[in-house]
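Quick note on our numbering: the sequence shown kicks off at 7 and runs consecutively.
Contents: one structure, followed by commentary.
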Amino acid sequence: MNTLASGCDPDQLTVVVLDNAPFHKGAKLREQRASWEQQGLFLRYLPPYAPFLNLIEEVGRKLKGILMPRRCDNSVTDLRAALVTGLKILGARFI
7 MNTLASGCDP
17 DQLTVVVLDN
27 APFHKGAKLR
37 EQRASWEQQG
47 LFLRYLPPYA
57 PFLNLIEEVG
67 RKLKGILMPR
77 RCDNSVTDLR
87 AALVTGLKIL
97 GARFI
(Lines of atoms letter the chains of each structure in order from A; the text may use other names.)
(Lines give C-alpha, C1' and ligand atoms only; values in the text may rest on other atoms or scores of the structure.)
Protein backbone atom coordinates (compact mmCIF):
# COMPACT_ATOMS: atom_id res chain seq x y z
CA MET A 7 0.00 0.00 0.00
CA ASN A 8 2.89 2.36 0.70
CA THR A 9 4.12 1.98 -2.88
CA LEU A 10 0.63 2.57 -4.25
CA ALA A 11 0.06 5.58 -1.98
CA SER A 12 3.37 7.17 -2.93
CA GLY A 13 2.31 7.13 -6.58
CA CYS A 14 -1.13 8.65 -5.97
CA ASP A 15 -2.08 12.16 -6.98
CA PRO A 16 -3.59 13.81 -3.86
CA ASP A 17 -5.94 15.77 -6.13
CA GLN A 18 -7.37 12.59 -7.65
CA LEU A 19 -9.39 10.05 -5.68
CA THR A 20 -7.81 6.58 -5.55
CA VAL A 21 -9.83 3.90 -3.77
CA VAL A 22 -8.75 0.38 -2.84
CA VAL A 23 -11.62 -1.98 -2.03
CA LEU A 24 -10.80 -4.69 0.52
CA ASP A 25 -12.69 -7.62 1.92
CA ASN A 26 -13.09 -8.02 5.67
CA ALA A 27 -10.18 -10.37 6.27
CA PRO A 28 -8.69 -9.68 9.72
CA PHE A 29 -5.32 -8.65 8.27
CA HIS A 30 -7.08 -5.97 6.19
CA LYS A 31 -8.19 -4.30 9.42
CA GLY A 32 -5.11 -4.87 11.57
CA ALA A 33 -3.21 -2.36 13.68
CA LYS A 34 -0.43 -1.82 11.13
CA LEU A 35 -2.93 -0.93 8.44
CA ARG A 36 -4.87 1.39 10.77
CA GLU A 37 -1.63 3.16 11.72
CA GLN A 38 -0.86 3.96 8.07
CA ARG A 39 -4.36 4.81 6.90
CA ALA A 40 -4.27 8.55 7.72
CA SER A 41 -0.94 8.90 5.92
CA TRP A 42 -2.30 7.13 2.85
CA GLU A 43 -5.38 9.34 2.81
CA GLN A 44 -3.17 12.45 2.86
CA GLN A 45 -1.48 11.03 -0.25
CA GLY A 46 -4.86 10.48 -1.94
CA LEU A 47 -5.30 6.74 -1.27
CA PHE A 48 -8.53 5.72 0.46
CA LEU A 49 -9.58 2.30 1.73
CA ARG A 50 -13.14 1.04 1.56
CA TYR A 51 -14.49 -2.33 2.63
CA LEU A 52 -16.94 -4.72 1.06
CA PRO A 53 -20.03 -5.33 3.17
CA PRO A 54 -19.80 -8.43 5.38
CA TYR A 55 -21.23 -11.62 3.91
CA ALA A 56 -21.17 -10.33 0.33
CA PRO A 57 -19.05 -12.89 -1.55
CA PHE A 58 -20.86 -11.98 -4.79
CA LEU A 59 -19.03 -8.62 -4.66
CA ASN A 60 -15.63 -10.25 -4.19
CA LEU A 61 -14.30 -11.53 -7.52
CA ILE A 62 -11.80 -13.92 -5.94
CA GLU A 63 -14.67 -15.72 -4.19
CA GLU A 64 -16.39 -16.28 -7.53
CA VAL A 65 -13.15 -17.45 -9.17
CA GLY A 66 -12.51 -19.85 -6.29
CA ARG A 67 -16.04 -21.23 -6.48
CA LYS A 68 -15.74 -21.85 -10.22
CA LEU A 69 -12.31 -23.46 -9.88
CA LYS A 70 -13.38 -25.76 -7.06
CA GLY A 71 -16.88 -26.55 -8.23
CA ILE A 72 -16.66 -26.72 -11.99
CA LEU A 73 -13.09 -27.12 -13.20
CA MET A 74 -11.42 -29.06 -10.38
CA PRO A 75 -14.08 -31.04 -8.50
CA ARG A 76 -12.96 -33.76 -6.09
CA ARG A 77 -9.27 -33.58 -6.98
CA CYS A 78 -6.49 -35.16 -5.00
CA ASP A 79 -3.17 -34.02 -6.39
CA ASN A 80 0.01 -35.93 -5.58
CA SER A 81 2.21 -32.85 -5.24
CA VAL A 82 2.18 -29.09 -4.99
CA THR A 83 3.54 -29.02 -8.54
CA ASP A 84 0.51 -30.99 -9.80
CA LEU A 85 -1.88 -28.73 -7.88
CA ARG A 86 -0.18 -25.60 -9.24
CA ALA A 87 -0.41 -26.95 -12.81
CA ALA A 88 -4.12 -27.72 -12.33
CA LEU A 89 -4.74 -24.21 -10.98
CA VAL A 90 -2.91 -22.58 -13.88
CA THR A 91 -4.90 -24.66 -16.37
CA GLY A 92 -8.16 -23.84 -14.58
CA LEU A 93 -7.39 -20.12 -14.52
CA LYS A 94 -6.56 -20.17 -18.24
CA ILE A 95 -9.91 -21.85 -18.95
CA LEU A 96 -11.73 -19.30 -16.80
CA GLY A 97 -9.92 -16.47 -18.53
CA ALA A 98 -10.89 -17.80 -21.95
CA ARG A 99 -14.53 -18.20 -20.91
CA PHE A 100 -15.17 -15.08 -18.89
CA ILE A 101 -12.69 -12.40 -19.93
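A virtual CB, placed ideally from N, CA and C, is assigned to each residue, including glycine.
All of these numbers come straight from a predicted model, not from anything done at the bench.
Beta-carbon spacing of residue i, residue j below 8 Å
{"i": "ASN80", "j": "TYR51", "result": "no"}
{"i": "LEU69", "j": "LEU85", "result": "no"}
{"i": "ALA11", "j": "TRP42", "result": "yes"}
{"i": "LEU49", "j": "LEU24", "result": "yes"}
{"i": "MET74", "j": "GLY92", "result": "yes"}
Buried/exposed call for residue i, threshold 16 Cβ in 10 Å
{"i": "LEU47", "result": "buried"}
Selection from the options that minimises the alpha carbon distance to residue i
{"i": "PRO28", "options": "MET7, ASN8, PRO54 and GLU43", "result": "PRO54"}
{"i": "LYS94", "options": "ARG76, VAL65 and CYS78", "result": "VAL65"}
{"i": "ASN60", "options": "VAL22, CYS78 and ARG76", "result": "VAL22"}
{"i": "GLN44", "options": "LYS31, ARG67, THR83 and ASP15", "result": "ASP15"}
{"i": "ARG99", "options": "VAL82, ILE72 and THR83", "result": "ILE72"}
Go through the region 42–77 residue by residue and report every complete run of the alpha helix (DSSP H) that reaches 4 residues or more, in order. 61–68
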